[in-house]
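Colleague: Please read through the structure below; I'll follow up with questions.
2 protein chains.
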Amino acid sequence: MLPKIDPDRLWRHQREMDGIGATTGGGVHRLALGEADIEAHRRLADWALARGWRVGLDDIGNMFLRREGSDPALPAVAAGSHTDSQPMGGRFDGMFGVLAALEALETIDDAGIETRHPLEVAVWNNEEGPRFTPACMGSATYAGGQPLDRMRAQTDADGTPMGACVDRLKAALPEAAHRPLGAPFAAFVEAHIEQGTTLEENGKIIGVVTGMQGYRRFRVEVTGEDAHSGTTPRARRKDAFVTATQMAVALHGAFLDEADTMRFTIGRFEVEPGGISVVPGKVRFVIDMRHPSAEALKTEGDRVAAICAAHRGPCEVAVDNYSSAEPMEFPEAIRARLEAAAEARGYPQMRCYSGAGHDARHIARLNPAGMIFIPCWRGISHNETESAEKDHCAAAAQVIADVLIELDGQS
Amino acid sequence: MLPKIDPDRLWRHQREMDGIGATTGGGVHRLALGEADIEAHRRLADWALARGWRVGLDDIGNMFLRREGSDPALPAVAAGSHTDSQPMGGRFDGMFGVLAALEALETIDDAGIETRHPLEVAVWNNEEGPRFTPACMGSATYAGGQPLDRMRAQTDADGTPMGACVDRLKAALPEAAHRPLGAPFAAFVEAHIEQGTTLEENGKIIGVVTGMQGYRRFRVEVTGEDAHSGTTPRARRKDAFVTATQMAVALHGAFLDEADTMRFTIGRFEVEPGGISVVPGKVRFVIDMRHPSAEALKTEGDRVAAICAAHRGPCEVAVDNYSSAEPMEFPEAIRARLEAAAEARGYPQMRCYSGAGHDARHIARLNPAGMIFIPCWRGISHNETESAEKDHCAAAAQVIADVLIELDGQS
Numbered sequence: 001m002l003p004k005i006d007p008d009r010l011w012r013h014q015r016e017m018d019g020i021g022a023t024t025g026g027g028v029h030r031l032a033l034g035e036a037d038i039e040a041h042r043r044l045a046d047w048a049l050a051r052g053w054r055v056g057l058d059d060i061g062n063m064f065l066r067r068e069g070s071d072p073a074l075p076a077v078a079a080g081s082h083t084d085s086q087p088m089g090g091r092f093d094g095m096f097g098v099l100a101a102l103e104a105l106e107t108i109d110d111a112g113i114e115t116r117h118p119l120e121v122a123v124w125n126n127e128e129g130p131r132f133t134p135a136c137m138g139s140a141t142y143a144g145g146q147p148l149d150r151m152r153a154q155t156d157a158d159g160t161p162m163g164a165c166v167d168r169l170k171a172a173l174p175e176a177a178h179r180p181l182g183a184p185f186a187a188f189v190e191a192h193i194e195q196g197t198t199l200e201e202n203g204k205i206i207g208v209v210t211g212m213q214g215y216r217r218f219r220v221e222v223t224g225e226d227a228h229s230g231t232t233p234r235a236r237r238k239d240a241f242v243t244a245t246q247m248a249v250a251l252h253g254a255f256l257d258e259a260d261t262m263r264f265t266i267g268r269f270e271v272e273p274g275g276i277s278v279v280p281g282k283v284r285f286v287i288d289m290r291h292p293s294a295e296a297l298k299t300e301g302d303r304v305a306a307i308c309a310a311h312r313g314p315c316e317v318a319v320d321n322y323s324s325a326e327p328m329e330f331p332e333a334i335r336a337r338l339e340a341a342a343e344a345r346g347y348p349q350m351r352c353y354s355g356a357g358h359d360a361r362h363i364a365r366l367n368p369a370g371m372i373f374i375p376c377w378r379g380i381s382h383n384e385t386e387s388a389e390k391d392h393c394a395a396a397a398q399v400i401a402d403v404l405i406e407l408d409g410q411s
Numbered sequence: 001m002l003p004k005i006d007p008d009r010l011w012r013h014q015r016e017m018d019g020i021g022a023t024t025g026g027g028v029h030r031l032a033l034g035e036a037d038i039e040a041h042r043r044l045a046d047w048a049l050a051r052g053w054r055v056g057l058d059d060i061g062n063m064f065l066r067r068e069g070s071d072p073a074l075p076a077v078a079a080g081s082h083t084d085s086q087p088m089g090g091r092f093d094g095m096f097g098v099l100a101a102l103e104a105l106e107t108i109d110d111a112g113i114e115t116r117h118p119l120e121v122a123v124w125n126n127e128e129g130p131r132f133t134p135a136c137m138g139s140a141t142y143a144g145g146q147p148l149d150r151m152r153a154q155t156d157a158d159g160t161p162m163g164a165c166v167d168r169l170k171a172a173l174p175e176a177a178h179r180p181l182g183a184p185f186a187a188f189v190e191a192h193i194e195q196g197t198t199l200e201e202n203g204k205i206i207g208v209v210t211g212m213q214g215y216r217r218f219r220v221e222v223t224g225e226d227a228h229s230g231t232t233p234r235a236r237r238k239d240a241f242v243t244a245t246q247m248a249v250a251l252h253g254a255f256l257d258e259a260d261t262m263r264f265t266i267g268r269f270e271v272e273p274g275g276i277s278v279v280p281g282k283v284r285f286v287i288d289m290r291h292p293s294a295e296a297l298k299t300e301g302d303r304v305a306a307i308c309a310a311h312r313g314p315c316e317v318a319v320d321n322y323s324s325a326e327p328m329e330f331p332e333a334i335r336a337r338l339e340a341a342a343e344a345r346g347y348p349q350m351r352c353y354s355g356a357g358h359d360a361r362h363i364a365r366l367n368p369a370g371m372i373f374i375p376c377w378r379g380i381s382h383n384e385t386e387s388a389e390k391d392h393c394a395a396a397a398q399v400i401a402d403v404l405i406e407l408d409g410q411s
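Going line by line, the protein sequences match chains A and B. Residue numbering for the first sequence follows the working numbering, starting at 1 and increasing by one per position. Residue numbering for the second sequence follows the working numbering, starting at 1 and increasing by one per position.
Given below as C-alpha cells:
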C-alpha cells in the first residue's frame, strides 16, 4: 500500500516559498543565487536537516537533500526541479517541482519506509538563465553538457561571476557536504507546471511528458556610431537602433510559419548608450528559436545570420549561435511508469509534449529520466500572474512519491 | 585694449576636468550631480574661491561663480554652460563652455579690470537629461519654464530624487550662498562645441548661433503580456517587442523627409522583463523629434500618436508628448556683438543654426542672450571620441572675454 502525501503540508511549503522574493504583483523575483534564492535553498535545507537527512552541494551550485537507503552502494533515486525564477516571474515554475519532490520524500519518511536506494531531492541551479547564461546551467554542467570552469566564470550584469555566487551559497549552507558532478542517478523524475494550455484545454491534471523541443539561441550585436540626435542628419547616421529594429521585423516575418509551430522570440534587446538625445551606437539582442523538429531548427536557424546581414544598413552586425539543444524524447520505460502511477490514483491524464526546456532534459543524458506536468492557469508562465491549483500540485507530488517507491523496488 | 586669454591655462583646466569621470574610451561619464559631476563643481568652486570670488547655488542645483563689480545694484553679465555629460559622453560638450567662461573671468581678473556689473560663470544643472528628465532642467527651471517642486521630485533609475542630489551638492559646497531662481542677468553668452559639421566643412572656427530648432519629445509605452517563449504559440502572444519594433520602423519611415531636415531619433528603448525566454510584456521608448520649423513640428508631431495606434497589434499603447520647445532666435544685438568680437580678433567665422538645444535657449527668456560654436571633430558628439582643438577653445574663450567686457560697458 503506497502512502498518501499531505496536500496541506505541500501547500504550506508552497505558501512559505511564495514569500521568498515575493513581488507586489503576486509573483516572485528570485534570480539564480540572488539573496532570495539562497534563502529558499537555506529553508529547504533546514527542512531536510530537521528530518536528519543530509545536504550536499556541488561546484556549480546544485543542492541535494538526501534520505539514505539501506544499500550504500546504490545510486540515488531522485526527483526535483529548480528554485530560481525569471525576473518578476511566477511562484510555481520550478519551485513546485522541488516541493513535490520534498513532499514525496517526507511522505515516504513519515510512512517509515526503508528504501534500498538513497532518495534525493535535486535542486538544479540557474535553470532560468536571465541572470547568468545559459539557462539550465546547473543540470547541464552536472550532466557534462557545459564546462564547469566556463560556467563558474559567467558573470551577471554587475560583473559578479557564478563561481562567487556558488561560494556564497556554500557559506550559507555550512552543513552541506561536497558532491561530485556527473554521478548518475538510478533514475530522475521532475514535476513542473505545463506553461502551456494542453492540459487545461483537455481537462487533464497530469501530463506525462513525451519529449522536448530543441532550441537554438543567438546573440546579435549591431554596431553603429553614437551621435547627437539634434545635429546629425539622417544621411550621416549609423543608427544601430534603426538597423536592429528593421532586422527584428524582418526576422519575425521570416519565421512566421502558418502552422504556428516555430517559437521565435526576441526577449532581450538592449540599446546603448540609451540617452534620449543620442543616436544609439550599439544594440545587443538575443534570439530564442525553438522547434520540435531537428531538421527545421537546422534549416531555419541557419538563415538567421543571412537575414541579419541583409538588413545591416550602414552598421556592422555579428551573430553568435551560442547555445543549442536537439529535440529529445524521454525513455518509454519511465513514461509508462509515470502514466501507470497517475492511472492507479485515478488522475485524469494524457501524454503531452514540452515546449519549454527543463533540467530533466540534461539529466536524461546520464540515466533514465522523465517528467510530469500539471496545468497552469491559461498557460501563463514567466509572469507574476502564473498560477496552479493546490489539488493539481498534490496529485503531482503523489505521482512522484509513488514512482520513487516503485523505482526503488525495481532497479 | 582688451586683455588676452591664456590658452595654456584654459587647456590645463580642460585636461583636469577630462580626468573627472574619465572613461577608458577617452570620454567622460559624468551624469548630472553624480559623484564625478559634484567633484567637477567642487573643483570649479575652488578655483573661484582661490581668487576671492563668491559661489552661489540655487534650489535646482545651478552654480554661479561671481566676481563682484563696482555697482552692487546692477545684475551680472554672465557666461557659462554645463558640466554634466551623456552616459559615456564627450569631454567638451558643456564643460568647454564653462571653462571658456571661467578663463574669460580669470583673464579680466588678471588684467585688473574693474567692471561695473558683477561677472558670473553660470553652471547650469542637468543640461543633458539622461539621468533625470527633462534635459536643460537647471536653466529651464531658473527661467521659469519648469516648476521647481516637480523638477526636484524627478527621480533617476535608482529612485533618487533630484532634490536629494541638489542637497548633496550643497553639502559638498558649504561656502555657497543661496541664490534665488529667476533673477535676470544683464546678458548671458554661452560657448559650445557645434556637434555638427557646418564649421568644419566651411573652415571656420567661430559660429555665431542665429537660433535653435524646436523639439517635441514623446514617451511611448507598449503593453502586451509576458509569456513563456517556449510554450506560447504566436497566435496567443501579446508581444510588446514585436509591436514596438513595428511601430519604430513605421515611425522612422513616416518621418523620412527627402530634405533630411527632420531629426527623428529613438535613443532609449527598454524591453521588460528582458529574459531570454520570456515574451516581453512591456516596452517603453522615447522619441526625440526636432525641426527648425514650428509648423512642421506641430504637423508632424501630431501624427505620432496615430502612427503608434495604427501599429499597436494585439497590445495597448500610450503616447505622451511630455516635453516640447518652439524653435527660437537669439536677439540680433547679441549676435552682432559676438560676430564683431570674432571679427576684431581675426577668427574665421560664420553664422550658423543650432540643431541641439542648449541652456542659452531658456536664459534667453529672461534677458538678452547669445551663443557661439566652435568645431568639433567630424561633428561627433554624445560620444567618447568627441574632440575639439585647443586653438578653437582658446578663440571662443577670447570672444567671451571680449564680449563680457563690452556688455559690461554698454548696458
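Quick reminder that beta carbons are idealized off the backbone N, C-alpha and C, glycines included. Remember, predicted model here, so these are calculated numbers, not experimental data.
(1) So, is the C-beta of S324/B closer than 8 Å to a C-beta in chain A?
(2) Please return the same chain residues whose Cβ sits closer than 8 Å to the Cβ of G182/B, not counting the five positions on each side in sequence.
(3) Closer than 7 Å by beta-carbon distance: list the chain B residues that pair up with F269/A, in chain order.
(4) Per DSSP, what kind of secondary structure is I20/A in: helix, strand or coil?
(5) Below 8 Å CB to CB, which residues in the same chain sit around E16/B once its five sequence neighbours on both sides are set aside?
(6) So is A310/B in contact with chain A if we call contact Cβ pairs under 8 Å?
(7) Return the chain-ordered list of same chain residues with a C-beta closer than 8 Å to the C-beta of L173/B, the five sequence neighbours on each side being excluded.
(8) Do you know offhand how far A153/B's Cα is from P161/B's?
(9) Check whether the Cβ atoms of M212/B and P327/B lie closer than 8 Å to each other.
(10) Between E270/B and F269/A, what straight-line distance do the alpha-carbon atoms span, to the nearest angstrom?
(11) Closest Cβ-Cβ distance between R234/A and chain B: below 8 Å?
(12) What are the boundary residues of the alpha helix (DSSP H) that L57/A is part of?
(13) Under a CB-based cut-off of 8 Å, is I372/B close to chain A?
(14) Let me know if Y322/A comes out buried or exposed under the rule of 16 or more other beta-carbons within 10 Å of its beta-carbon.
(15) Any chance the stretch 304-323 of chain B sits against the stretch 74-83 of chain B, with 3 or more Cβ pairs inside 8 Å?
(16) Exposed or buried, which one is K238/B when buried takes at least 16 other CB atoms within 10 Å?
(17) Closer than 9 Å by beta-carbon distance: list the chain B residues that pair up with P87/A, in chain order.
(18) Please state whether the Cβ-Cβ distance between P368/B and A104/B is less than 8 Å.
(19) How about Q213/B: is its C-beta nearer than 8 Å to some C-beta of chain A?
(20) Counting C-beta neighbours from all protein chains within 10 Å, is the total for T412/B 16 or more, i.e. buried, or is it exposed?
(21) Does the count of Cβ pairs from the stretch 222-236 of chain B and the stretch 373-387 of chain A closer than 8 Å reach three?
(22) Any idea what DSSP makes of M63/A, helix, strand or coil?
(23) To the nearest angstrom, how far is the alpha carbon of P72/A from that of E389/A?
(24) For the stretch 201-231 of chain A, which segments carrying the beta strand (DSSP E) assignment without a break, of at least 3 residues, lie completely within its bounds, in sequence order?
(25) Cβ atoms of A240/B and C136/B: under 8 Å apart, would you say?
(26) What number of angstroms, rounded off, separates the C-alpha of A259/A from the C-alpha of R234/B?
(27) Could you work out which residues of chain B lie near S229/A, taking near to mean beta carbons separated by less than 8 Å?
(28) Apart from the five residues just before and just after A36/A, which ones in its own chain have a Cβ nearer than 8 Å to its Cβ?
(29) Going by the beta-carbon positions, is the gap between I307/B and A250/B smaller than 8 Å?
(30) Do you know how far the Cα of E300/A is from the Cα of P348/B?
(31) Residues in the same chain with beta-carbon distance under 8 Å from P280/A, minus the five sequence neighbours each way, listed in chain order, please.
(32) Mind listing the chain A neighbours of D226/B? Cutoff is C-beta to C-beta under 7 Å, in chain order.
(33) Give me, in chain order, the residues of the same chain whose beta-carbon lies closer than 8 Å to that of V278/A; leave out the 5 immediate sequence neighbours on both sides.
(34) Which chain B residues are close to G56/A, counting only those with a beta carbon under 8 Å from its beta carbon?
(35) Within the stretch 63-148 of chain B, note down every full alpha helix (DSSP H) run reaching 4 residues or more, in order along the chain.
(36) Strictly below 7 Å CB to CB, what residues from chain A border H192/B?
Modeller: In terms of the structure at hand:
(1) no
(2) Y142, A143, G144 and L366
(3) F241 and V271
(4) coil
(5) R43
(6) no
(7) H41, R42, A45, V55, L57 and M63
(8) Cα to Cα, the separation comes out at about 5 Å.
(9) yes
(10) Answer to the nearest angstrom: the Cα atoms are 8 Å apart.
(11) yes
(12) It is not in any alpha helix (DSSP H) - L57/A instead sits in the beta strand (DSSP E) that spans R54 to L57.
(13) no
(14) exposed
(15) The stretch 304-323 of chain B is not in contact with the stretch 74-83 of chain B.
(16) buried
(17) E272, P273, G274, G275 and V278
(18) Going by C-beta atoms, P368/B is not nearer than 8 Å to A104/B.
(19) yes
(20) The structure shown has nothing for residue 412/B, since chain B only spans 1 to 411.
(21) yes
(22) strand
(23) 38 Å
(24) The stretch 201-231 of chain A contains these whole beta strand (DSSP E) runs: 206-212 and 214-223.
(25) no
(26) Those two C-alpha atoms are separated by around 10 Å.
(27) R263, T265, G267, D288, R290 and H382
(28) Cβ within range, chain order: I20, G21, V28, H29 and R30.
(29) yes
(30) 59 Å
(31) G224, D226, D239, A240, F241, V271, E272, P273 and G274
(32) H382 and N383
(33) Excluding residues within five positions, the ones whose Cβ falls inside 8 Å are D226, A227, H228 and S229.
(34) Here the premise fails: no neighbours, minimum Cβ distance about 28 Å.
(35) 95-110 and 137-142
(36) By Cβ distance, chain A contributes nothing, its closest Cβ being about 11 Å from H192/B, past 7 Å.
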